[in-house]
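In UniProt numbering, the protein residues as written are 1 to 1176.
Down below is the structure, laid out as structure tokens.
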């Protein structure tokens, strides 16, 4: 991806942009950085970008003006105007650190606690505060625009004039994409909080951004890239107030922005130089890359890895060897010297001038080109006759429609659901080969293709549930209460496939076997736990066409399947069990576990299509690792089994890694049944505590972090430190003959670890320093190395008959001069040898010392060492941390370096906070059915509708409240200050609350204003809010009148307003009331645990109706604030939630009183939970 994004924290987060910036005299107005900085050490200073610049400093800052360090500190460090220093809206909030919050709560603990009690409570406090997380003020969003590698290479060796043209094309493309981002992505939010921020999107006058050009990567390779930091401060069009950017669309659009930038830059390069582009394969599971056709892969590789740094260190060691011994080292010694170079510390990035860098890059290019690198660059960049560029109206509508269908087809292969930006990204990929005359033409065509793709898709997001007034609608008629481009889509095929899977799961006509047969076979041939035996019995007698067996890592699914195979074979005869798995390696493991031949799902379907495979009546089809199988694959296999009269058993764990294809079906089927067969007893781990901890990890429970820390299973440090520590621990385990695995998330980290492992093995003579062969990932291998094959090839068979599979691990026995290898299957004593041809080795073999989590799934070893970062998903962590029987250790990286540099992380980043973020970061995909349900819940929730209600009410009553302020005793100047302040909205909400409590707000506000002078008040609105809150409490006493509240929570909006506003509010009030009552009834029907606080009323009668009315208020509160679990009210986090929590507590008290009153009338004891506990 050539555009990436990271969130920048307020405070010191901006400082890394200034590191390495050159200084000196030059023309500060010249937008081309090459003019004044070619010979100066470092990168050019930043430049201002964005159409929102006119809102700063009276318009003093212009586009492409230089950014001074002082301006950067004011804007990104303090959230102030970089010219005047004035505050831009609210100041960046300051949050207490997790450690400070924890210490404060611990300090308040009773001194009378025993040591054991105190330890337990402290652990609970720490877990709660880590779970609450470390909030950080966001200063901006750092979008890094990197040109494709071939463009960087051409730029690196070209003359200064051509370099300037390339940088100019990059800047122009960047500016055009930034303008696109301003139009289509950037917005702010206003109104009442809907649970994930303010409810209404609002247009902005433009963004304010700083752009910093960088020339090279951390390793000194050419990498032309620009950091565009978009300030989080934006000015709202409607009211002119400064607010924060809405971060949700910024994150959602990153990939689409990247693909759009690639295409826009390609257009500009071709229009400028006439150079053509070509598509190049980047391997399995990676999108092809487009590169400049004249720039060879050999030249790109020269500037694309750490190999150059290793070679330089190797050359230095060879020179030292020559000086010491007076002769050149042998080829074997050279391999040893390179191994030592590999183990050298990775170099720090050096600050150098572009002139110095260019001279070095030209020398390196000459080694690949042979000679004349400058002449080569001139020929490549000479203005050649280019094919005609396209205008939007050159593309026939039928072509647009065809590409739209193709886009949906491509997206639906990898996703069960998608949104606008997924379609835009794919449309940009599919039109990357088209060269357009302008960015406007490209955007018009891609937009039409996306529209066609939406027409081909099914919409899962429900339509508006209530009409929005005109003031809350965009120019295109859509409501601002729905973010732009937020509609979720799927395909008719995927939704139908899921529907068929659900139907087969409910169909009870599949073959069965009797319980007596199960008990006889399993009791005689296998040692099963009572849970395993009971689970198998439920599967064998269920009669379901599609059944499931769920179990966490180490729960004994393999043992259960083996027993099931024996019982089924006994009942239905030989070959009545078929074993399948999504990958060849998983199929081989299943075959070894079941003792039968098994196949991967793709191969079996291929054989079926060729008429060489089929299911038959009475068979049991076991599909292992079923979460890794795509929805359409499972649909086809289960359909074929159903037609043949066979039963399908899907085996897996919803908490482990999911399919790379459109998936989510396994989780859908598991959630659709209340009685899904599931193993819960973990048998794998040596330590008892780890059995329980692994289950907590599986469910993402934050308190488990403390458990792993307590047992010394967590390390923390920088990425380099953690990679080093993980490697050393793994290496030590290898030397003690433990079976061990080294797991990393990033492929670059895996490659580095593999290189390092091989280097150490060469030095220690475990791997021979002899004939080497180059592998597909840029590493080498020789006799003694451990490798992984990456492609299935049934033509390559071992002596024992096994064939070469994707994911198999092998030990190299011999490397031939032609590049072929003699290898032995890892862990096989004899008969596992095969010769891998040179062509296969060059394309499909990697070193196999370190692996990704996807490769680790299904492996069981003694110890596991896992490198964890902030981008790790919960599923990756769970899989990786459950591979080891004796030990699983997480090495948590606290920073997030990229290829260019390593920006500092905020101070309060610890292993605990990183791991908490990982547990919240699920990579599992929802099925189309689940997403449809999720969208329905989201847009019909009280959190959403109540926020809309209160936001509309604020606008509907705005004139009324301003009129009230003008007549309550405030001066005209004070009224203006209140109306334009941030406290005006909360003040109007407080006035509505007072009115709902039956106060005459006209008299009340006048009295409160007259109470004490307001001349010295810093925020008059905030003072009035405080006075209102104290003075307008609900009236008490026997003759009190109940507050006028929607669902017992939300003050009703009164007074004159337009019919349009009144209608919108009435519709939402009805929706809130009906949903609250439905949720209350559902909670009663399912006997939710939180209802115990409200007691149990009579089954019928008016008292029960009044009781349910109070339950409705609590249910509405829980829905509005997303409260889960046994606690009725949870822990309120905001002032608004605290007010609603108080109303909900009153409802709980009234409900209990009703129960007690009814019990007293009946002469029975009320069934309510003890009053000794605090309500909620």
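For every residue, glycine included, the Cβ atom is placed at its ideal position computed from N, Cα and C.
When the distance is taken between beta carbons, is residue 190 closer than 7 Å to residue 179?
Locating residue 179 in the chain shown gives position 179, counting from the first residue. Locating residue 190 in the chain shown gives position 190, counting from the first residue. No, Cβ-Cβ distance for residue 179 and residue 190 is not below 7 Å.
Could you tell me if residue 282 is buried or exposed, where buried requires 16 or more neighbouring beta carbons within 10 angstroms of its beta carbon?
Residue mapping note: residue 282 aligns to position 282 of the chain shown, counting from 1. Flag for residue 282 reads exposed.
In this structure, how does DSSP classify residue 1089 when only helix, strand and coil are distinguished?
Translated into the one-based positions of the chain shown, residue 1089 becomes position 1089. Of the three classes helix, strand and coil, the one that applies to residue 1089 here is helix, per DSSP.
Look at the alpha carbon of residue 517 and the alpha carbon of residue 571, and state the distance between them as a whole number of angstroms.
For the purposes of this step, residue 517 is identified with residue 517 of the chain shown, where counting begins at 1. For the purposes of this step, residue 571 is identified with residue 571 of the chain shown, where counting begins at 1. Each residue's alpha carbon lies about 7 Å from the other.
Report the rounded CA-to-CA distance for residue 946 versus residue 1016, giving the unit in angstroms.
Within the chain shown, the letter at position 946 stands for residue 946. Within the chain shown, the letter at position 1016 stands for residue 1016. In this structure, the CA atom of residue 946 is about 36 Å from the CA atom of residue 1016.
Between which two residues does the beta strand (DSSP E) harbouring residue 65 extend?
On the chain shown, position 65 is the one that residue 65 refers to. Counted as a single uninterrupted DSSP element, the stretch harbouring residue 65 is not any beta strand (DSSP E), since DSSP gives it neither H nor E.
Sequence-distant residues of its chain with Cβ nearer than 7 Å to residue 123 (five each side left out)
What you label residue 123 is simply residue 123 of the chain shown in a count that begins at 1. Contacts found: 706.
Here's the rule: buried if 16 or more other CB atoms are within 10 angstroms of the residue's CB, otherwise exposed. What is residue 142?
One-based indexing of the chain shown puts residue 142 at position 142. Residue 142 is buried by the Cβ-count criterion.
Where does residue 25 land, buried or exposed, given buried means 16+ other C-beta within 10 angstroms?
For the purposes of this step, residue 25 is taken as the residue at position 25 of the chain shown. At residue 25 the pLDDT is 47, less than 50, meaning the model places this residue with poor confidence and gives no usable figure here.
Quick one: what's got a C-beta closer than 7 Å to residue 429's C-beta in the same chain, skipping five residues either side?
As a first step, residue 429 must be located in the chain shown, where it is residue number 429. Apart from sequence neighbours up to five positions away, the residues of its chain that approach residue 429 with a beta-carbon distance below 7 Å are 259 and 287, ordered along the chain.
Give the secondary structure of residue 409 by DSSP, where H, G and I count as helix, E and B as strand, and everything else as coil.
Looking up residue 409 in the chain shown gives position 409. The answer is helix: DSSP assigns residue 409 an H, G or I state.
How far does the beta strand (DSSP E) with residue 249 in it extend, from its first residue to its last?
On the chain shown, residue 249 is found 249 positions in, with the first residue counted as 1. The continuous stretches of beta strand (DSSP E) do not include residue 249, which lies in the alpha helix (DSSP H) extending over residues 247-252.
Nearest to residue 81 by CA position, among 100, 61 and 99, is which residue?
Walking along the chain shown from the start, residue 81 turns up at place 81. The residue among 100, 61 and 99 with its C-alpha nearest the C-alpha of residue 81 is 61.
Alpha carbon to alpha carbon, how far is residue 637 from residue 593? Give it in angstroms, no decimals.
Counting from 1 along the chain shown, the entry for residue 593 is found at position 593. Counting from 1 along the chain shown, the entry for residue 637 is found at position 637. Between residue 593 and residue 637, the C-alpha separation is close to 22 Å.
So, under 8 Å CB-CB, residue 875 and residue 655 are touching, yes? Tell me the CB distance rounded to an integer number of Å.
As a working note, residue 875 is residue 875 in the chain shown. As a working note, residue 655 is residue 655 in the chain shown. With 8 Å as the limit, residue 875 and residue 655 qualify as a contact, their Cβ atoms being about 7 Å apart.
Whose C-alpha, out of 64, 980 and 1082, is nearest the C-alpha of residue 242?
The residue labelled residue 242 in the question sits at position 242 within the chain shown. The shortest C-alpha separation from residue 242 is found at 980.
Within the chosen definition, does the segment 228-239 reach the segment 983-990 through at least 3 CB pairs nearer than 8 Å?
With a cut-off of 8 Å, the segment 983-990 and the segment 228-239 do not count as touching, because too few Cβ pairs lie within range.
Evaluate the contact criterion for the segment 208-227 versus the segment 380-394: three or more CB pairs, one atom per stretch, below 8 Å.
No, because fewer than three Cβ pairs between the segment 208-227 and the segment 380-394 fall closer than 8 Å, the two stretches do not touch.
With distances taken Cα to Cα, identify the nearest neighbour of residue 772 among 511, 1019 and 785.
As a first step, residue 772 is located in the chain shown; it is residue number 772 there, counting from the start. Of all alpha-carbon atoms in 511, 1019 and 785, the one lying nearest the alpha-carbon of residue 772 is that of 785.
Confirm, please, whether the CB-CB distance from residue 400 to residue 424 is below 7 Å.
For the purposes of this step, residue 424 is taken as residue 424 along the chain shown, with counting starting at 1. For the purposes of this step, residue 400 is taken as residue 400 along the chain shown, with counting starting at 1. The answer is no: Cβ separation not under 7 Å.
Where residue 1033 sits in the DSSP three-state scheme
Counted from its first residue, the chain shown places residue 1033 at position 1033. Correct three-state label for residue 1033: coil.
Just to confirm the assignment, what range does the beta strand (DSSP E) spanning residue 184 have?
Indexing the chain shown from 1 puts residue 184 at position 184. Here residue 184 belongs to no beta strand (DSSP E); instead the alpha helix (DSSP H) covers 160-184.
I'd like to know if the segment 985-1002 and the segment 1076-1094 are in contact, where contact means that at least 3 CB-CB pairs between them fall below 8 Å.
Verdict: no, contact absent.
Separation of residue 1134 from residue 466, as counted between CA atoms:
Working through the chain shown from its first residue, we reach residue 466 at position 466. Working through the chain shown from its first residue, we reach residue 1134 at position 1134. Cα to Cα, residue 466 sits roughly 27 Å from residue 1134.
Beta-bridge pairing of residue 549 - partner residues as DSSP gives them:
Stepping through the chain shown from its first residue, residue 549 is reached at position 549. Partner(s): 651.
On the premise that residue 954 lies in contact with residue 999, defined as a C-beta separation below 8 Å, what is that separation, rounded to the nearest angstrom?
What you label residue 999 is simply residue 999 of the chain shown in a count that begins at 1. What you label residue 954 is simply residue 954 of the chain shown in a count that begins at 1. About 19 Å; that fails the 8 Å criterion.
C-beta contact flag for residue 1047 and residue 1072 at 7 Å
As a working note, residue 1047 is residue 1047 in the chain shown. As a working note, residue 1072 is residue 1072 in the chain shown. Closer than 7 Å, so yes.
If you reduce the DSSP assignment to three classes, tell me which class residue 780 lands in.
Within the chain shown, the letter at position 780 stands for residue 780. Three-state DSSP puts residue 780 in a strand.
Contact check, residue 504 vs residue 642 under 8 Å by CB: the rounded distance?
If you number the chain shown from 1, residue 504 lands on position 504. If you number the chain shown from 1, residue 642 lands on position 642. The Cβ separation is near 6 Å, so the contact holds.
Kindly confirm or deny that the segment 797-812 and the segment 823-830 touch, where touching means at least three C-beta pairs closer than 8 Å.
A contact exists between the segment 797-812 and the segment 823-830.
Pick from 1070, 1120 and 1113 that is closest to residue 1145, judged by C-alpha positions
Numbered from 1 along the chain shown, position 1145 holds the residue referred to as residue 1145. From the listed residues 1070, 1120 and 1113, the smallest Cα separation to residue 1145 is found for 1113.
Note down, in chain order, each residue of its chain lying with its Cβ closer than 7 Å to the Cβ of residue 886, except the 5 sequence neighbours on either side.
Looking up residue 886 in the chain shown gives position 886. Taken in chain order, the residues that qualify are 686, 862 and 863.
Assign residue 762 to one of three DSSP states: helix, strand, or coil.
Position 762 of the chain shown, counted from the start, is the residue given in the question as residue 762. In the structure shown, the three-state DSSP call for residue 762 is helix.
Straight-line Cα distance separating residue 596 from residue 623:
By 1-based counting over the chain shown, the position of residue 623 is 623. By 1-based counting over the chain shown, the position of residue 596 is 596. The straight-line gap separating the alpha-carbon atoms of residue 623 and residue 596 is approximately 13 Å.
Between which residues of its own chain and residue 125 is the CB-CB distance below 7 Å, once the five residues before and five after are set aside?
Position 125 of the chain shown holds residue 125. Excluding sequence positions up to five before and after residue 125, its CB lies within less than 7 Å of the CB of 102, 105 and 106, all in the same chain and listed in chain order.
In DSSP terms, what residue 793 is bridged to
Translated into positions along the chain shown, residue 793 becomes position 793. Note: residue 793 sits in a beta bridge opposite 804.
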